Amino acid sequence: MQMQSLRRELSSGVRPLHETFVALVRVFAKKGLSTRGMEILAAMERYKYDIRKAWLILVGMKPDLCCIFAILEI
C-alpha cells in the first residue's frame with residue numbers, strides 16, 4: 514500500500530519528502546523486507562536525498578545487510 518502511494522507520487526511528478534522515504538524504509542525494515550528498503554534507498558539517491566539516516570535504519574534492523582553493502586562498496 515505504501516509503495517503504491519509512493520509510485521503514484523513519483524509517476525505524477527511530485528517530489529516526495531525525505532521523511533516519507535525514511536518512514537517507508539523503517540516500515541520495510543521492521544517487516545524484514547530489506548529488498549524493498551533497498552529499492553527506497555535507490556529512489557532516494559535518484560532524488561539526490563541524503564540516504565545515511567535511512568541506511569542506518571535499514572542496517573540497524575537487518576544487520577546482515579552490512580555485509581551486502583560492504584561487498585557492493587555502497
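Numbering-wise, my numbering comes out as the position in the sequence shown, counting from 1, plus 513. The C-beta atom is built at its ideal place from N, Cα and C for all residues, glycine as well. Values in this document were obtained by computation on a predicted structure and should not be read as measured data.
First through last residue of the alpha helix (DSSP H) which encompasses residue i
{"i": "isoleucine 553", "result": "547–559"}
{"i": "lysine 543", "result": "531–543"}
Cβ neighbour criterion (16 or more within 10 Å) applied to residue i
{"i": "valine 535", "result": "buried"}
{"i": "valine 538", "result": "buried"}
{"i": "isoleucine 587", "result": "Note that isoleucine 587 scores a pLDDT of 49, beneath 50, so its modelled location is shaky; the value from the coordinates is reported in the next line. The residue is exposed, with fewer than 16 neighbouring Cβ atoms inside 10 Å."}
{"i": "leucine 571", "result": "buried"}
{"i": "isoleucine 584", "result": "Residue placement at isoleucine 584 cannot be trusted, given a pLDDT of 49 that sits under 50; the coordinates are not used to answer."}
{"i": "glycine 550", "result": "buried"}
Pick from the options that is closest to residue i, judged by C-alpha positions
{"i": "leucine 530", "options": "Arg549, Ala567, Phe541", "result": "Ala567"}
{"i": "glycine 573", "options": "Ala556, Tyr562, Val540", "result": "Val540"}
{"i": "glutamine 517", "options": "Ala542, Glu532, Ile553, Lys543", "result": "Ile553"}
{"i": "leucine 523", "options": "Lys544, Met557, Lys543", "result": "Met557"}
8 Å contact criterion, which residue i and residue j should meet: CB distance rounded
{"i": "tyrosine 560", "j": "arginine 528", "result": "6 Å"}
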